[in-house]
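> Line by line, the protein sequences are chains A and B. Letter 391 of the first sequence, counting from 1, is numbered 390 in numbering that gives the first Met the number 0, and no numbers are missing. Letter 86 of the second sequence, counting from 1, is numbered 85 in numbering that gives the first Met the number 0, and no numbers are missing. Shown below is the structure under consideration.
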Amino acid sequence: MSVRNSASQMAAALANKEISSVELTNQHYEQIQAVDKDVNAFLYLDKEGAIAQATEIDKKRSAGEKLAPLAGVPLALKDVLTQKGVPTTCGSKILQGWRPPYDSTVVSKLKSAGVIILGKTNMDEFAMGSSTENSAYGPTHNPWDLSRIPGGSGGGSSAALASFEAPLAIGTDTGGSIRQPAAVTGTVGVKPTYGGVSRYGLVAFSSSLDQAGPCARTVLDTALLHQVIAGFDPKDSTSINQAVPDVVAAAKKQDVKGMKIGIVKQLSGNGYQKGVENKFNEAVSELVKLGAEIVEVSCPNFEYALAAYYLIAPSECSSNLARFDSIRFGLRVGDDGTKGAEEVMNLTRQAGFGREVKRRIILGTYALSSGYYDAYYGSAQKVRTLIKQDFESAFEKCDVLVSPTAPTTAFKIGEKANDPLAMYLNDIATIPVNMAGIGGMSLPCGLAEEDNLPVGFQIMSPAMKDDRMYLVGGALEAALLSKWGKPILDFAPKLAGSK
Amino acid sequence: MSLNYDQAIEKYEPTLGLEVHVELNTKSKMFCGCATEFGAKPNTQTCPVCLGLPGALPVVNKKAIESTILIGLALNCSIAPYSRFARKNYFYPDMPKNFQTSQYDEPICTNGYLDVEIETDEGSKSFKIEIERVHMEEDTGKSLHVGGNTGRIHGADYSLLDYNRAGIPLVEIVTKIIPKTGKYAPQVARAYVAALRDILRGLQVSDVKMEQGSLRCDVNLSLSRVGSGKLGTRSETKNVNSLRSVERAVTGEIIRQSDRLEQGERIIQETRHFLEESGQTRPGRSKEQAEDYRYFPEPDLVPVVPDSKWIEELKKTLPEKPADRRKRLQSAWSVPDKEMAAMVNAELLDTVEQTVLLGADATKARSWWLGEISRIANDRNVFPTDLISVKDVAEIIALIAKGELTDKLARQVLEGVISGEGSPVDVITKRGLKVVSDDSQLMKAIEDAIAASPDTAERVRGGNIPAAGALIGAVMKATGGQADAAKVRELLLKHLGQ
């Protein structure tokens, strides 16, 4: 058993007692020890907690207790979800030193399924960014090319998967933060239907768009993790009180015969890298070979999605981030006994938030101001409704929609750091999914010929039909695997010291 | 030149607007399961949600929605089939999230009214107060500013924060502007708050204790020149904490504003704080530049969509309206208007009713509670029901009715019960307070009294009945007050041939 195996292979080895969870967990810590100085995927390692958890699982297993499918398998947790007693920074200085007194619902579900939480992964500060360069704790590097970005905001989670530091990871996706990192690292990531996974304990960036989701190296592993974290939570009013679709069965089915797959006209062409379009089209041909029917659909309002997103998300963030005021938790700056509360709040926020976070707080504060509200926030909400309607009419014609996940492969660290608009364009294909609250998956569909870097294939499904993404994703993955002869990550250069 | 109240009111027409905040008495907070008990140790009734910790999410308390709908129904409001929470954004240390979850343009109840009555020299007058909206929100924490002279945040050495109150459900009841109350503005304001309080108490949705802050009133007031038809600039006096203060705050603002206007100055749009000692207000925040709260729909909560069947069921549970109940009791007890008003003002209507329900005569119950018991309570600065239970008072009244106690003896029994000597019967036994009803014993006392005042007895024999008073008094004195005066009178007159 090696760290390069899939989570389901690890789970099988654990179940057959070929390896113990403690051994498996330690193997992953060794890999982290070997490569993370170069990758910088982790912000915090909870070795003590993880080993204790693994020991517990091993004990239960040898006692013959019935365990959940992923019990004993390690996982990397994006640092935006609370885990009781474990530092949670959201990639920001303002939360330095804060240890939450409670578990997020995702974490409680992981714990009760026996999944071992190795540590917290790096991210763009408060999940604002597409490159993980906005982390206050330094950028994460793409294991395919350390001079490139691993995507964002969940670059830590995707890089941990691609560098075999963990077989499973949790991400969160507000405008593409699970899918775009998956795309540029050659891994799989799913943004479930909004309300499908509880947001309780997910530190909010934009409440109406945020969604936690599963990340892994295979579609089946992603489905297994999806099954663990999804489901109704009375602590989250926006969580959906319906049965979770059987995503695991869908991932295993590998049959797309007769399925109607829609290609969104608006998510191609100008701005899309040639190699990205080529790999996308090749993947579509594979689906045709498998018996799927291709339909072209038009979603004219997607054109406004990015603009509307950059009004709604900053508006909500300007309010959500107001609580970081130094009064009850986290950083406090300038409290020398001579300053009032207001001044200390100001100094703390000035020192604690990074540039991109401040930019969005200012944008959102402005957009919500009286006199501007209708023109900005109000119009953006209307666009949102139109985007939903675009999806609804598209889904009348097909079962799922597909597109490239990101317009380009991984760009160089620093390349777009001073050009926020160029950076924002990276999420052009992922944002509509969040705006409509539907499901979206990214899985690798090849290496772009220009740069030999992974390309992401996005599958979008109607709300609460998440199983369809897994059905199509599982089938496509199998077809591509047999075409390539080995998993895509085996094409990546080996990191120094890596297994 | 300053005007007195009468002069001010002759020249200027006041326009009122009242905002009342009510803390609901739900067991748990508005958006989390924390307890809401008043007076608990600071920061012991908190959790990640009401502390606004990162990642925590609100969940609406259904009971709070039910209470708000009941209030709306009792105030004749329409209940919105769809309403939403909104965030009101502003920074303050005792507000955990730095936004208050409230309702903005989509409140749950709208367009109601409440009829209030006031007593004037020209008889009782009634006013229809229109309700603009009733909405839900959460309370903030409490700051305690230590050091400095003002008790305010500026100049304090440090501040302590208690988040027990943060997230307690609040209902805000806002009137439309209340025009044309003229000189009665202060009384109308008070009567409105009192009537509202009675309704809320009847609904059992709040403790409505103004002194503890579970009911607080903001008084908006503006003046316009009589006949001008133009509304003036308003001031908003915050957190007025008693009925009397509501009345005084209105009077105080009428005088202050007229004074400024007389001096040719303009009224500044601002919040003001009511000063209990002087009855005046001092300036607070200026509202000249409208504060921008950047309201937007709360994305963490789903819209409130109450089922119409549920609303119909709630409607059926509404108690009798306080005004209707008052009318019913007044006619059942045949109480004159003035006495009825006294009972209501003393807040003893419930108590008297309960005493009557235990079998006491209404007039007697009223006169005991408003008379002797209220007098003692006033002396001791407590509420009458703190002194003695309804049951004990009903028992005393029953004993009088049966002739086992005289009024005078009853007062002694009352005093005994109040000083903790036990039930009325216990006190009677312990103190040996028994009505002397033995005729022969009384006759002896009567004969002694006649023997002591033969002239008076002669006058009574001659038909001067009122003269008997002196003899009766002497008999009562001789029996230590334990005789039934009516009985003494009967025996005496008979003895003297009358």
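For glycine and all other residues, C-beta sits at the position ideal for the given N, C-alpha and C.
Are three or more beta carbon pairs between the region 290-304 of chain A and the region 383-403 of chain A nearer than 8 Å?
Yes, the region 290-304 of chain A is in contact with the region 383-403 of chain A.
> Compare the C-alpha of Val343 (chain A) against each of A:Gly353, A:Gly329 and A:Arg354 and name the closest.
Along the first sequence, one-based indexing puts residue 343 (chain A) at 344. Considering only alpha carbons, the answer is A:Gly329.
> What in chain B is Cβ-close to Lys36 (chain A), meaning under 8 Å?
On the first sequence, residue 36 (chain A) is found 37 positions in, with the first residue counted as 1. Neighbours of Lys36 (chain A) on chain B: none; closest Cβ ~29 Å, over 8 Å.
> Alpha carbon to alpha carbon, what distance is there between His144 (chain B) and Gly351 (chain A)?
Numbered from 1 along the first sequence, position 352 holds the residue referred to as residue 351 (chain A). Numbered from 1 along the second sequence, position 145 holds the residue referred to as residue 144 (chain B). Rounded to whole angstroms, Gly351 (chain A) to His144 (chain B) spans 27 Å at the Cα level.
> Consult DSSP for His27 (chain A) and reduce its assignment to one of helix, strand or coil.
Mapped onto the first sequence, residue 27 (chain A) falls at position 28. It is helical.
> Report the option in B:Arg488, B:Tyr11 and B:Val474 whose CA atom is closest to the CA atom of Ser227 (chain B).
Taking the second sequence and counting its residues from 1, one reaches residue 227 (chain B) at position 228. The option with the nearest alpha carbon to Ser227 (chain B) is B:Tyr11.
> Do the region 40-54 of chain A and the region 172-185 of chain A make contact, defined as three or more Cβ pairs closer than 8 Å?
No contact exists between the region 40-54 of chain A and the region 172-185 of chain A.
> Are the CB atoms of Gly333 (chain A) and Leu346 (chain A) within a distance shorter than 9 Å?
As a working note, residue 346 (chain A) is residue 347 in the first sequence. As a working note, residue 333 (chain A) is residue 334 in the first sequence. Cβ atoms of Leu346 (chain A) and Gly333 (chain A): closer than 9 Å.
> Are the beta-carbon atoms belonging to Ala135 (chain A) and Ser157 (chain A) less than 9 Å from one another?
The residue labelled residue 135 (chain A) in the question sits at position 136 within the first sequence. The residue labelled residue 157 (chain A) in the question sits at position 158 within the first sequence. Going by C-beta atoms, Ala135 (chain A) is not nearer than 9 Å to Ser157 (chain A).
> Looking at the C-beta of Ile502 (chain A), does it have a partner C-beta in chain B at a distance below 9 Å?
The requested residue 502 (chain A) is not part of the displayed model; chain A covers only 0 to 498.
> Just reading off the beta strand (DSSP E) that Leu475 (chain A) is part of, what are its end residues?
Here residue 475 (chain A) refers to the residue found at position 476 of the first sequence. Taken as a continuous stretch (DSSP letters only), Leu475 (chain A) belongs to no beta strand (DSSP E), being part of the alpha helix (DSSP H) at Asp465 to Trp483.
> Going by beta carbon distance, what residues of the same chain come within less than 6 Å of Glu129 (chain B), once the five residues before and after it are set aside?
As a working note, residue 129 (chain B) is residue 130 in the second sequence. Correct list, in chain order: Tyr112 and Lys175.
> So with Cβ pairs under 9 Å, would you call Asn97 (chain B) a contact of chain A?
The residue labelled residue 97 (chain B) in the question sits at position 98 within the second sequence. Judged by the 9 Å Cβ criterion, Asn97 (chain B) is in contact with chain A.
> Classify Gly439 (chain A): buried if its beta carbon has 16 or more other beta carbons within 10 angstroms, exposed otherwise.
Within the first sequence, residue 439 (chain A) is the residue found at index 440, counting from 1. Classification of Gly439 (chain A): buried, given that the 10 Å Cβ count is 16 or more.
> In terms of DSSP beta bridges, what is Arg247 (chain B) paired with?
Within the second sequence, numbered from 1, the residue matching residue 247 (chain B) stands at position 248. In DSSP, Arg247 (chain B) forms no bridge with anything.
> Helix, strand or coil for His505 (chain A)? Go by DSSP, reduced to three states.
Because chain A is modelled from 0 through 498, residue 505 (chain A) falls outside the range shown and cannot be assessed.
> So, are the CB atoms of Glu53 (chain A) and Glu164 (chain A) less than 9 Å apart?
Counting from 1 along the first sequence, the entry for residue 53 (chain A) is found at position 54. Counting from 1 along the first sequence, the entry for residue 164 (chain A) is found at position 165. Checking the sequence, you will find Ala at residue 53 (chain A) rather than Glu. No, these two residues do not count as a Cβ contact at 9 Å.
> Expressed to the nearest angstrom, what Euclidean distance is found between the alpha-carbon atoms of Val133 (chain B) and Ile360 (chain A)?
Taking the first residue of the second sequence as position 1, residue 133 (chain B) is located at position 134. Taking the first residue of the first sequence as position 1, residue 360 (chain A) is located at position 361. Approximately 32 Å, taken between the alpha carbons.
> Only counting the same chain, and skipping five residues up and downstream in sequence, which positions put a Cβ closer than 8 Å to that of Val283 (chain A)?
As a first step, residue 283 (chain A) must be located in the first sequence, where it is residue number 284. Answer for Val283 (chain A): Ile260, Ile262, Ile293 and Val401, listed in chain order.
> Looking at the secondary structure, which residues open and close the alpha helix (DSSP H) in which Cys397 (chain A) lies?
By 1-based counting over the first sequence, the position of residue 397 (chain A) is 398. From DSSP, Cys397 (chain A) is part of no alpha helix (DSSP H); its letter is neither H nor E.
> So, does the region 74-94 of chain B touch the region 297-316 of chain B, judging by three or more C-beta pairs under 8 Å?
With a cut-off of 8 Å, the region 297-316 of chain B and the region 74-94 of chain B count as touching, because enough Cβ pairs lie within range.
> Any beta-carbon of chain B closer than 9 Å to the one on Val202 (chain A)?
As a position in the first sequence, residue 202 (chain A) is number 203, starting the count at 1. It does: the Cβ of Val202 (chain A) has a partner Cβ on chain B nearer than 9 Å.
> List the residues of chain A that Pro106 (chain B) touches, going by C-beta distances under 7 Å, in chain order.
Residue mapping note: residue 106 (chain B) aligns to position 107 of the second sequence, counting from 1. Ordered by position in chain A, no residue passes the 7 Å Cβ test against Pro106 (chain B), which lies about 18 Å from the chain.
> Keeping to the same chain, check which residues put their C-beta closer than 6 Å to that of Glu449 (chain A); ignore five residues upstream and five downstream.
In the first sequence, the residue the question calls residue 449 (chain A) occupies position 450. Excluding residues within five positions, the ones whose Cβ falls inside 6 Å are Gly274.
> Can you list the residues of chain A that Arg86 (chain B) reaches, using a CB-CB cut of under 8 Å?
Locating residue 86 (chain B) in the second sequence gives position 87, counting from the first residue. By Cβ distance, chain A contributes Ser318.
> Of all the CB atoms in chain A, is at least one closer than 9 Å to the CB of Arg293 (chain B)?
Against the second sequence, residue 293 (chain B) aligns to sequence position 294. Cβ-Cβ to chain A under 9 Å: yes for Arg293 (chain B).
> Which same chain residues end up closer than 7 Å to Val2 (chain A) when comparing Cβ atoms and leaving out the 5 residues on each side of it in sequence?
Translated into positions along the first sequence, residue 2 (chain A) becomes position 3. These residues qualify, in order along the chain: Gln26, His27, Gln30, Phe163 and Lys498.
> Can you tell me whether Tyr294 (chain B) is buried or exposed, with buried defined as 16 or more other CB within 10 angstroms of its CB?
The count along the second sequence starts at 1 and reaches residue 294 (chain B) at position 295. Buried.
> Cβ of Leu69 (chain B) within 9 Å of Cβ of Leu317 (chain B)?
Translated into positions along the second sequence, residue 69 (chain B) becomes position 70. Translated into positions along the second sequence, residue 317 (chain B) becomes position 318. Yes.
> Among the candidates B:Ile471, B:Pro185 and B:Thr139, whose CA atom is the shortest distance from the CA of Phe126 (chain B)?
Residue 126 (chain B) sits at position 127 when you count from the first residue of the second sequence. Nearest option by C-alpha distance: B:Pro185.
> Can you check which of these residues, A:Val79, A:Arg98 and A:Val72, is closest to Asp123 (chain A) by C-alpha distance?
For the purposes of this step, residue 123 (chain A) is taken as the residue at position 124 of the first sequence. Comparing Cα-Cα distances from Asp123 (chain A) to each of A:Val79, A:Arg98 and A:Val72, the minimum goes to A:Val79.
> Short of 8 Å in beta carbon distance, which residues of its chain neighbour Arg325 (chain B), apart from the five on each side in sequence? Order them along the chain.
Here residue 325 (chain B) corresponds to residue number 326 of the second sequence, with the count starting at 1. These residues qualify, in order along the chain: Met339, Val343 and Leu348.
> CA-CA distance, Phe323 (chain A) and Ile115 (chain A)?
Working through the first sequence from its first residue, we reach residue 323 (chain A) at position 324. Working through the first sequence from its first residue, we reach residue 115 (chain A) at position 116. Near 30 Å, if we compare the C-alpha coordinates of Ile115 (chain A) and Phe323 (chain A).
> Are there 16 or more other CB atoms within 10 angstroms of the CB of Asp465 (chain A), so buried, or fewer, so exposed?
For the purposes of this step, residue 465 (chain A) is taken as residue 466 along the first sequence, with counting starting at 1. Buried, since its Cβ has 16 or more Cβ neighbours within 10 Å.
> Name the chain B residues whose beta carbon is nearer than 8 Å to that of Pro99 (chain A)?
One-based indexing of the first sequence puts residue 99 (chain A) at position 100. Chain B residues near Pro99 (chain A): Pro47, Leu52, Pro53 and Gly54.
> Are any of the Cβ atoms in chain B nearer than 9 Å to that of Asp78 (chain A)?
Locating residue 78 (chain A) in the first sequence gives position 79, counting from the first residue. Chain B contact via Cβ: absent.
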